[in-house]
Amino acid sequence: MGLEAPQPLSDQHRTAGFDCGDTSLNHWLQQRALANQRSAATRTFVVCDGDGAVKAYVALASGAVSLLASPGRFRRNMPDPIPVVVLARLAVCSSVQGQGLSRALLADAF
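Numbering (this note's numbering) for the sequence shown: 1 to 110.
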């Protein structure tokens, strides 16, 4: 069965069977990701199989860095504070690891 393109997490996605080998990443996806998505604390994008089972995810958050805390080469023509995107979490289900999904998710996100 093939994998679908990344899409925003919704309650239609099946997260219960997700296992990347890291309990905290599994738990966050299954217990917190959707609530964080609804509150706009993070934006989570998932790759699913044809049945809607999540096989990989990336969670992004927005943030800011003070202009004075930034290296000189980044300061030119930048607002204060400098807006940034934070890679909050990235995980791939053990059953599909080694197929380049992490790289693809990061390329899609950034």
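Ideal Cβ positions, reconstructed from N, Cα and C, are used throughout, including at glycine.
From a predicted model like this one, the values you see are computed outputs, not experimental measurements.
By the criterion of at least three beta-carbon pairs nearer than 8 Å, the segment 14-25 is in contact with the segment 79-92. In this structure, DSSP gives F110 a state outside helix and strand, which the three-state scheme calls coil.
Per DSSP, the continuous alpha helix (DSSP H) segment holding R75 begins and ends at 72-75.
Across the structure, A5 and L67 are spaced so that their CA atoms are roughly 36 Å apart. Rounded to the nearest angstrom, the Cβ distance from T44 to A56 is 11 Å, too far for a contact under 8 Å. Counting every other CB atom within 10 Å of its CB across the protein chains shown gives F110 a total below 16, marking it as exposed. The C-alpha of G17 lies about 35 Å from the C-alpha of A64.
The C-alpha of G2 lies about 43 Å from the C-alpha of S70.
Closest in C-alpha terms to C48, from the list Q31, G72, Q7, comes Q7. Of the candidates G21, A33, C20, D19, A33 places its Cα closest to the Cα of L9.
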